[in-house]
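Here is the structure we will look at.
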Amino acid sequence: IRDVHPSVLAVTGPQQYEQVVTAVHEVVPPKTEHNPLVDLVPPQGVKLTPRHYAYLKISEGCNHSCSFCIIPSMRGKLVSRPVGDVLSEAERLVKAGVKELLVISQDTSAYGVDLKYKTDFWNGQPVKTRMKELCEALSSMG
Numbered sequence: 001i002r003d004v005h006p007s008v009l010a011v012t013g014p015q016q017y018e019q020v021v022t023a024v025h026e027v028v029p030p031k032t033e034h035n036p037l038v039d040l041v042p043p044q045g046v047k048l049t050p051r052h053y054a055y056l057k058i059s060e061g062c063n064h065s066c067s068f069c070i071i072p073s074m075r076g077k078l079v080s081r082p083v084g085d086v087l088s089e090a091e092r093l094v095k096a097g098v099k100e101l102l103v104i105s106q107d108t109s110a111y112g113v114d115l116k117y118k119t120d121f122w123n124g125q126p127v128k129t130r131m132k133e134l135c136e137a138l139s140s141m142g
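Just so we're aligned, residue 1 is where the sequence shown starts under full-length UniProt numbering, counting upward by one.
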């Protein structure tokens, strides 16, 4: 990519925020002392949707190799987020006034396969990393 587009600062993979910030700081060093990975992101996160709804990403990538699809080569193999982390994010969004959560991923039906449906905890309760249990816990939020 950089051979064809020499002005590109860096090429990174999905969710490699530290590499992006490092590449930018190599070209434009920060003027003040701060932690760019923490200071620039508000506690509620960055939301790019209207106030009434938000995307809730549950996994990245896909384990299938369909001939028509580029997802596995671009995003890599399936990596599910721990169900406790997903539910904590959902809870923060609901407390911030979000009324509709859109659960997204490249392969939603495979959520938890890579983690062998590991049991995690949310609000002191065990919850399996499985789509059915995730939906049940989300529905309890109102």
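Quick reminder that beta carbons are idealized off the backbone N, C-alpha and C, glycines included.
Given the structure is predicted, the values throughout are model-derived calculations rather than measurements.
Among residues of its own chain, excluding the 5 on either side of residue i, which ones have a beta-carbon nearer than 8 angstroms to its beta-carbon?
i, result
"Thr129", "Ser80, Pro82, Val83, Tyr111, Gly112, Leu115, Tyr117, Lys118, Thr119 and Asp120"
"Pro72", "Gly61, Cys62, Asn63, His64 and Ser65"
In terms of residues, what are the limits of the alpha helix (DSSP H) holding residue i?
i, result
"Val27", "Tyr17 to Val27"
"Lys128", "Not the alpha helix (DSSP H): Lys128 falls in the beta strand (DSSP E), residues Gln125 to Lys128."
"Asp85", "Val83 to Lys95"
"Pro72", "Ile71 to Arg75"
For residue i, tell me which candidate among the options has the shortest Cα-Cα distance.
i, options, result
"Gly76", "Ser88, Val86, Arg92 and Asn63", "Asn63"
"Glu91", "Leu78, Ile70, Ser73 and Ala54", "Ala54"
"Gln15", "Pro6, Leu48, Met74 and Arg51", "Met74"
Note down, in chain order, each residue of its chain lying with its Cβ closer than 6 angstroms to the Cβ of residue i, except the 5 sequence neighbours on either side.
i, result
"Arg2", "Val8"
Within 10 angstroms of its Cβ, does residue i collect 16 or more other Cβ (buried), or is it exposed?
i, result
"Gly61", "buried"
"Ser88", "exposed"
"Leu102", "exposed"
"Ala137", "buried"
"Leu93", "buried"
"Val127", "buried"
"Glu26", "exposed"
"Met141", "exposed"
If you follow the beta strand (DSSP E) that residue i is in, where does it begin and where does it stop?
i, result
"Lys132", "Lys132 -> not in any beta strand (DSSP E); alpha helix (DSSP H) instead, spanning Met131 to Ser139."
"Val103", "Glu100 to Ile104"
Would you say residue i lies against chain C (beta-carbon separation less than 8 angstroms)?
i, result
"Lys95", "This model lacks chain C altogether; it includes just one protein chain."
So, for residue i: in the same chain, excluding its five sequence neighbours on each side, which residues have a beta-carbon less than 7 angstroms away from its beta-carbon?
i, result
"Val86", "Leu56, Ile58 and Leu134"
"Val11", "Ile1 and Arg2"
"Thr49", "Tyr55"
"Glu78", "The sequence given here places Leu at residue 78; Glu does not occur at that position. Once the five neighbours on either side are set aside, the close Cβ partners of Leu78 are Ser59, Gly61, Cys62, Asn63, Asp107, Ala110, Val113 and Asp114."
Check whether the stretch 46-60 touches the stretch 99-110, counting contact only when three or more Cβ pairs, one atom from each stretch, lie closer than 8 angstroms. yes
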